[in-house]
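K.L.:
Residue numbering for the sequence shown follows the working numbering, beginning at 35 and increasing consecutively. Think of the CB as a built atom: it goes at the ideal place given N, C-alpha and C, for glycine as much as any other residue. Below you will find the structure I want to go over with you.
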Amino acid sequence: MTNGRPVPVIIDCDTGVDDALALLFAVRHPGIDLRAVTCVAGNTDVDGVVRNTLTVLEQAGAPEIPVARGAERPLIEAARSARHVHGHDGMGDLGLPVPRRAPADVDAVTLLRREILASPHPVTLVPTAPLTNVALLLRTHPEVTRNIERIVFMGGAAAAGNATPVAEFNVWHDPEAAAILLTAGVPITMYGLDVFTRVVVPAADVRRLRASGEPGTRLAGELLAHR
35 MTNGRPVPVI
45 IDCDTGVDDA
55 LALLFAVRHP
65 GIDLRAVTCV
75 AGNTDVDGVV
85 RNTLTVLEQA
95 GAPEIPVARG
105 AERPLIEAAR
115 SARHVHGHDG
125 MGDLGLPVPR
135 RAPADVDAVT
145 LLRREILASP
155 HPVTLVPTAP
165 LTNVALLLRT
175 HPEVTRNIER
185 IVFMGGAAAA
195 GNATPVAEFN
205 VWHDPEAAAI
215 LLTAGVPITM
225 YGLDVFTRVV
235 VPAADVRRLR
245 ASGEPGTRLA
255 GELLAHR
């Protein structure tokens with residue numbers, strides 16, 4: 035909350051298991067006004083990311099939140115995925131239902147610009163994925179920075195990596211995009227890989243979530259069980 039009102043947030047993601055949990059959390063949190071979700075290739079191909087994102091939002095009871103397709107590859111390098119971690123579909127191969135709606139009829143950068151500039155309060159942009167969409171936004175529409183409160187992104191590593199012995203996947207996947215973000219002059223909060231290595235969810239809590247009659251809660255339990 036900021037001054038008693040929810041914080042306007044846009045999530046840019048490559049929806050695999052971890053991003054799906056972040057989306058479920060954001061939809062339910064009373065202090066977050068989730069304005070839009072944009073998709074980028076990473077954990078799986080970008081079309082799979084769009085499909086996963088739409089499904090998660092439907093399961094969470096938030097099908098009205100706009101979703102847009104973004105970059106299908108890094109700025110320079112060829113596309114790479116993390117299917118060996120997140121399953122062939124990027125979501126643990128849980129057999130999730132096919133989404134009932136289509137994404138927005140604009141690309142991710144267009145949706146980001148539109149939602150940021152239309153927001154009555156400065157937006158917090160939360161990339162949980164490779165930073166290709168964000169870099170393209172900052173380079174092509176620098177005017178958006180006047181209505182960005184800060185960018186909170188998941189990336190980098192202070193110690194061991196998960197893509198190479200020293201590199202974290204999101205930055206490793208598109209280092210040129212990360213460089214653009216880090217030099218853009220926007221307030222940044224960076225959560226490196228080391229922040230997440232000690233997060234523990236007790237098995238009893240996972241069982242309780244999986245037994246829920248509410249689809250979004252049950253999905254959270256299934257995703258945690260996969261992890």
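1) Are the Cβ atoms of D81 and A163 separated by less than 9 Å?
2) Can you tell which of D123, E183, A75, G104 has its C-alpha closest to the C-alpha of T144?
3) Tell me the DSSP secondary structure of P108 in three-state form.
4) Please check the pair L215 and I185, which I expect to be a contact at CB under 8 Å, by giving their CB distance rounded to whole angstroms.
5) Spell out a yes or no on whether the segment 148 to 162 and the segment 129 to 136 are touching, meaning 3 or more CB-CB pairs, one atom from each, closer than 8 Å.
6) What would DSSP say about D228, mapped onto helix, strand or coil?
7) Let me check understanding here. Comparing Cα to Cα, which of T49, P64, V205, V140 lies closest to P42?
8) Look at G190 and A169 and say whether their C-beta atoms are less than 9 Å apart.
9) Threshold first: 4 residues or longer. Then list the alpha helix (DSSP H) segments lying entirely within the segment 156 to 237, N to C.
10) Do L146 and I66 have their CB atoms nearer than 9 Å?
11) Of the residues R39, V51, P40, which one's Cα is nearest the Cα of A259?
12) Alpha carbon to alpha carbon, how far is R241 from E256? Give it in angstroms, no decimals.
13) Tell whether a beta-carbon distance below 9 Å holds between G247 and L58.
14) What three-state label does DSSP hand D46 in the structure shown?
15) Does the Cβ of A193 have 16 or more other Cβ atoms within 10 Å, making it buried, or fewer, making it exposed?
16) Determine the closest residue to Q93 out of L171, V140, V220, L55, with distance taken between C-alpha atoms.
17) What runs of the alpha helix (DSSP H), each 4 residues or longer, lie entirely inside the segment 45 to 96?
18) If P100 sits next to A138, beta carbons under 8 Å apart, how far is it from one beta carbon to the other, in whole angstroms?
19) In or out: P176 buried (at least 16 other Cβ within 10 Å) or exposed?
20) Below 7 Å CB to CB, which residues in the same chain sit around L109 once its five sequence neighbours on both sides are set aside?
P.N.:
In terms of the structure at hand:
1) By 1-based counting over the sequence shown, the position of residue 81 is 47. By 1-based counting over the sequence shown, the position of residue 163 is 129. In this structure, A163 does not lie closer than 9 Å to D81 by Cβ.
2) Start at 1 with the first residue of the sequence shown, and residue 144 comes out as number 110. Nearest of D123, E183, A75, G104 to T144, Cα basis: G104.
3) Working through the sequence shown from its first residue, we reach residue 108 at position 74. In the three-state reduction of the DSSP assignment, P108 falls in the coil class, being assigned neither a helical nor a strand state.
4) Translated into the one-based positions of the sequence shown, residue 215 becomes position 181. Translated into the one-based positions of the sequence shown, residue 185 becomes position 151. Confirmed, Cβ separation roughly 7 Å.
5) no
6) Locating residue 228 in the sequence shown gives position 194, where the first residue counts as 1. Three-state result, D228: helix.
7) Counted from its first residue, the sequence shown places residue 42 at position 8. Of T49, P64, V205, V140, the residue nearest in Cα terms is P64.
8) To locate residue 190, count along the sequence shown from 1; it is residue 156. To locate residue 169, count along the sequence shown from 1; it is residue 135. The answer is no: Cβ separation not under 9 Å.
9) The segment 156 to 237 is shown to contain whole alpha helix (DSSP H) runs of 4 or more residues at 166 to 174, 203 to 207, 209 to 216, in chain order.
10) Stepping through the sequence shown from its first residue, residue 146 is reached at position 112. Stepping through the sequence shown from its first residue, residue 66 is reached at position 32. It is not a contact, given that the beta carbons lie outside the stated cut-off.
11) Along the sequence shown, one-based indexing puts residue 259 at 225. The shortest Cα separation from A259 among R39, V51, P40 belongs to V51.
12) The residue given as residue 256 occupies position 222 in the sequence shown. The residue given as residue 241 occupies position 207 in the sequence shown. Near 9 Å, if we compare the C-alpha coordinates of R241 and E256.
13) Here residue 247 refers to the residue found at position 213 of the sequence shown. Here residue 58 refers to the residue found at position 24 of the sequence shown. No, the Cβ-Cβ distance between G247 and L58 is not below 9 Å.
14) Position 12 of the sequence shown holds residue 46. Three-state DSSP puts D46 in a strand.
15) Here the question's residue 193 lines up with position 159 in the sequence shown. Around the beta-carbon of A193, fewer than 16 other beta-carbon atoms lie within 10 Å, marking it exposed.
16) Here residue 93 refers to the residue found at position 59 of the sequence shown. Closest option to Q93, Cα to Cα, is L55.
17) 51 to 62, 80 to 93
18) The residue labelled residue 100 in the question sits at position 66 within the sequence shown. The residue labelled residue 138 in the question sits at position 104 within the sequence shown. Indeed, because the Cβ distance is near 5 Å, the residues count as touching under 8 Å.
19) For the purposes of this step, residue 176 is identified with residue 142 of the sequence shown, where counting begins at 1. Looking at its Cβ environment, which holds fewer than 16 other Cβ atoms inside 10 Å, P176 is exposed.
20) In the sequence shown, residue 109 corresponds to position 75, counting from 1. Within the same chain, L109 has close Cβ partners T166, A169, D208, E210, A211.
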